[in-house]
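Working notes, beginning with the structure itself.
There are 2 protein chains.
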Amino acid sequence: MEFIKGVREKETIGIAKGLVGENVGKTIRMEGSVHTIRDMGDVAFVILRKSEGLVQCVFEEGKTAFDLALLKEESAIRVTGVVSEEGRAPHGFELRLREIEVLSQPAEVLPIAISKWKLNTSLETKLSLRPITLRNPMERAKFRIQEGIVRGFRDFLHLKEFTEIRTPKLVARGAEGGSNVFKLDYFNKKAELAQSPQFYKQTMVGVYDRVFEVAPVFRAEKHNTTRHLNEYTSMDFEMGYIDGFEEIMEMETGFLQYTFDLLKKEYAQELKMLKIDLPDVSNIPTVRFSEAKELVSEKYDRKIKNPYDLEPEEEVLIGRYFKEECGSDFVFVTHYPSKKRPFYAMDDPTDDRYTLSFDLLFRGLEITTGGQRIHDYQTILKKMEDRGMNPEDISSYLMIFQYGMPPHGGLGIGLERLTMRLLDEANVRETTLFPRDVTRLEP
Amino acid sequence: MEFIKGVREKETIGIAKGLVGENVGKTIRMEGSVHTIRDMGDVAFVILRKSEGLVQCVFEEGKTAFDLALLKEESAIRVTGVVSEEGRAPHGFELRLREIEVLSQPAEVLPIAISKWKLNTSLETKLSLRPITLRNPMERAKFRIQEGIVRGFRDFLHLKEFTEIRTPKLVARGAEGGSNVFKLDYFNKKAELAQSPQFYKQTMVGVYDRVFEVAPVFRAEKHNTTRHLNEYTSMDFEMGYIDGFEEIMEMETGFLQYTFDLLKKEYAQELKMLKIDLPDVSNIPTVRFSEAKELVSEKYDRKIKNPYDLEPEEEVLIGRYFKEECGSDFVFVTHYPSKKRPFYAMDDPTDDRYTLSFDLLFRGLEITTGGQRIHDYQTILKKMEDRGMNPEDISSYLMIFQYGMPPHGGLGIGLERLTMRLLDEANVRETTLFPRDVTRLEP
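Structural data, given as structure tokens:
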């Protein structure tokens, strides 16, 4: 009988262990894709693309047992070579090739030069060829940063004793209501795709006190803007036993501090490639919604059209104001008008036209919506009645208030938007692996 | 201007820091839900439910400044009390109450006694009252174990240099085809819900060599069995530069070894509550599909009806066989028939009726399907042609082979099934927070 015993050491080696001083003069084996070939006559530079970075390999006529003419870009190969110091090569070393083994060959030549440092092409082309263009080192570095943000979110909340949950995306009724919901037939019943895990994460506060989830959410928005997606990743948390909604903003600030530290430590190579300076998040200013409107109206000589809503242009100006006035890329805008927030938002007891809620703006773009929620059964019933909602429609959600819920609140962070602002991209599609918008369902 | 500076220390305390020897005689503050009240006359035991466990609080007439008659089960409270040693209390300490502050009150009395050690009720009732029944300590312990499994998967793969990805769930065409796909209207185009991240994770092997994703997948299965869900969590990984599909099984074995160690270290309390002995995964036997059929046919005197398929009963017997013959709860069944595997599966070069693929059975239940994939463009075109498939339907997937892919393979693990088997539950719904089946779309 044969047994599997776990992961065995491979005889090929990665960059971190292979391209080091102590290996100079030694022969190592490496695998990777042929990123590009620069033939200089007697020698040729074969750049190997590996997950961790690029490796300069030197093909020497007569010394490398292979016919260079047979080597194609985007072939997967295994090479044997001697490590040699070379200041101009990535990581400070190059590999003098002895043998090349081709593991797999492409059928066709690439339709676009992905080995260029920065892809010089339209967003449209980039997205249509996404399976290939993501192989470009700059492109893939963006999504390593995105991975780091999600790791930071989870690791930080785990330290703060949050429990990770997984809630259904097929639901009887979306939590936010409205028209931007995808509907489908579910065994002859009407179903919707979850617009947010709101009801479920609140439910789970009754179970674990503090919970979080990182998962897709779906919005049937017809807007085709630079900041909307029809499917995006929402990083949600919800916490019980809060004394005020400030605690939620503090937790988010803590997440940003932790995550930027993690990026500095573990994603330094990607930050350098993308030329990203991480913003200072030691202090994030807060401003009330109505005050923010007045401040920018005054400073930038802009008339307030609607006192109950923030237009995207106003968000941009609020971002600019706090950058100019206190050097911050972030600002918490608090106390949004009650009529602009969902029924489950807790009204400010001192003025019920406003709620104990906030948005976090990052360089003028909303990346988070959060706040304290109603926890009292009669209060939520009253609010639903005022809005003409039928409690029977969401009875399994209301159950949690009926049988007791602690004071609580939470937030949802748009992962792609946060990444977009951090990387100074102009379109949220740039920081989405395979974006979904009104016209795009493939690749 | 006001600023948020990050997370501040709270003046309330958790179990790990509060209920310790050095606090005996000291007054601490704690928050939690009133899990149950046992009134003994002069004293009463108020059991506080916190995320980390239960706390025995002692209400003493005349010493506790509160009217016990006003305290309700499932109220959220903040208490002040003196820590006192008590061997019979959970964690070895109790809290002698001085003050009780009610933070929120339930509107009604619970319809079911969730404070019982084990909920004695039907699965149907448990699920209908899920938002409340999850507050039962045994119920919630299951999903802490589930959290641990996901953490183990991610942390292990991160150590093995996999990159985490997030792929779309709204797709033009499901990767597995067939009839079990949910369809919906996407801005007047036909869309489907992803049955698996298959195409996308393969695509991302071309970018990062090794990738993983933990995310929901959707199957419109009409079967209402104890092991099917219509939405479940798939833990997927895909790895490039493999020398054979054994490497995938080795990686999965490594994941199980790592994760069971993590559970032992960080989820010991939950394992103890649920009386779980973790199975040995130091050696997992492998057996070829056709050999497995013969072995159980012989040993259990069972006729082979269909040589190309495994019936659920046969899976159970294969599980039993390897438990009896070599004491293993797990067994890899390899070399599934080609006609039973998707078009992208790589055929065995020595016998193309079979594939370089496997399932992992855990106590007779399939919890994983994996294998090596075709990486050559002409080979995959040929296989599609043989099956009457149209390459144009999935051209953006085929693009990756056209322009070069390394040899690769991977797997998908059903999280809820793995949890179900680990916890010895009879129904996969027991280990799904809010299960979706043919009749259930709520809560």
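Protein sequences, first through last, are from chains A and B.
Residue 442 in numbering that gives the first Met the number 0 sits at position 443 of the first sequence, with consecutive numbering throughout.
Residue 17 in numbering that gives the first Met the number 0 sits at position 18 of the second sequence, with consecutive numbering throughout.
For each residue, glycine too, the CB sits at the ideal point set by N, CA and C.
Just so we're clear, the structure is a prediction, and the values are computed from it rather than from any experiment.
- Shortest Cα-Cα distance from Asn223/B to any of Arg301/B, Glu107/B, Asn426/B and Glu72/B involves Asn426/B.
- Cβ atoms of Phe259/A and Tyr335/A stay farther apart than 8 Å, at about 26 Å.
- Across the structure, Leu53/A and Lys16/A are spaced so that their CA atoms are roughly 14 Å apart.
- Under the three-state reduction of DSSP, Glu269/A is assigned to helix.
- For Arg209/A, the nearest CB of chain B lies under 9 Å from its own CB, placing it at the interface with that chain.
- Taking 9 Å as the cut-off, the beta carbon of Leu261/B is found no closer than this to the beta carbon of Arg97/B.
- From the listed residues Glu249/A, Ile412/A, Gln268/A and Ala219/A, the smallest Cα separation to Met137/A is found for Gln268/A.
- CA-CA distance, Glu424/A to Ile317/B, rounds to 54 Å.
- Contact with chain B is found for Arg150/A, since one of that chain's Cβ atoms lies less than 9 Å from the residue's Cβ.
- The residue among Phe181/B, Phe198/B and Gly205/B with its C-alpha nearest the C-alpha of Leu192/A is Phe181/B.
- As far as DSSP is concerned, Lys302/B takes part in no beta bridge.
- Comparing alpha carbon positions, the residue from Gly91/B, Asn119/B and Ile46/B closest to Glu21/B is Gly91/B.
- With contact defined as three or more Cβ pairs closer than 8 Å, the stretch 156 to 174 of chain B and the stretch 224 to 232 of chain B are not in contact.
- Per the coordinates, the alpha-carbon of Asp41/A lies some 21 Å from the alpha-carbon of Ile76/A.
- Residue environment: Ala64/B is assigned as exposed (fewer than 16 neighbouring CB atoms within 10 Å of its CB, all protein chains considered).
- The stretch 342 to 349 of chain B makes no contact with the stretch 311 to 325 of chain B, as fewer than three CB pairs between them are under 8 Å.
- By the C-beta density criterion, Glu323/A is exposed, having fewer than 16 other C-beta atoms within 10 angstroms.
- About 5 Å separates the Cβ atoms of Val78/B and Ile99/B, confirming a contact at the 8 Å cut-off.
- Taking 9 Å as the threshold, the shortest C-beta distance from Phe342/A to chain B does not fall below it.
- The beta-carbon of Asn426/B is placed no less than 9 Å from the nearest beta-carbon of chain A.
- Of the residues Gly205/A, Glu391/A and Arg352/A, the one whose Cα lies closest to the Cα of Glu72/B is Gly205/A.
- Taking Leu422/B as the centre and dropping the five residues before and after it, the same chain places the C-beta of Lys141, Ile144, Leu273, Ile275 and Thr430 closer than 7 Å to its C-beta, in chain order.
- Asp38/B is outside the set of residues whose beta carbon lies under 9 Å from a beta carbon in chain A.
- In this model, Glu310/B and Leu364/B are separated by some 11 Å (Cα to Cα).
- When CB distances to chain B are screened at a threshold of 7 Å, the residues of the stretch 186 to 208 of chain A falling below it are Phe186, Lys188, Ala190, Tyr199, Thr202, Gly205, Val206, Tyr207 and Asp208, in chain order.
- The beta-carbon separation of Thr368/B and Gly409/B, rounded to 10 Å, does not stay under the 8 Å limit for a contact.
- In the three-state scheme derived from DSSP, where H, G and I count as helix and E and B as strand, Met234/B is classed as strand.
- Closer than 9 Å to the CB of Gly13/B there is at least one CB belonging to chain A.
- Per DSSP, the continuous alpha helix (DSSP H) segment holding Met137/A begins and ends at Pro136 to Leu158.
- An exposed status is given to Asn305/B, since fewer than 16 other beta-carbon atoms sit within 10 Å of its beta-carbon.
- The way I'd put it, the stretch 246 to 259 of chain A does touch the stretch 151 to 169 of chain A; three or more beta-carbon pairs between them come closer than 8 Å.
- For Ala15/B, the enclosing alpha helix (DSSP H) starts and ends at Ile14 to Gly17.
- With fewer than 16 neighbouring CB atoms inside 10 Å of its own CB, Ser281/A falls in the exposed class.
- Taking the C-beta atoms as reference points, Arg95/B is found nearer than 9 Å to Val57/B.
- Distance check between Arg416/B and each of Ile148/B, Arg87/B and Leu109/B places Ile148/B closest, using alpha-carbon atoms only.
- In summary, Pro167/A is buried, with 16 or more beta-carbon neighbours lying within 10 Å of its beta-carbon over all protein chains present.
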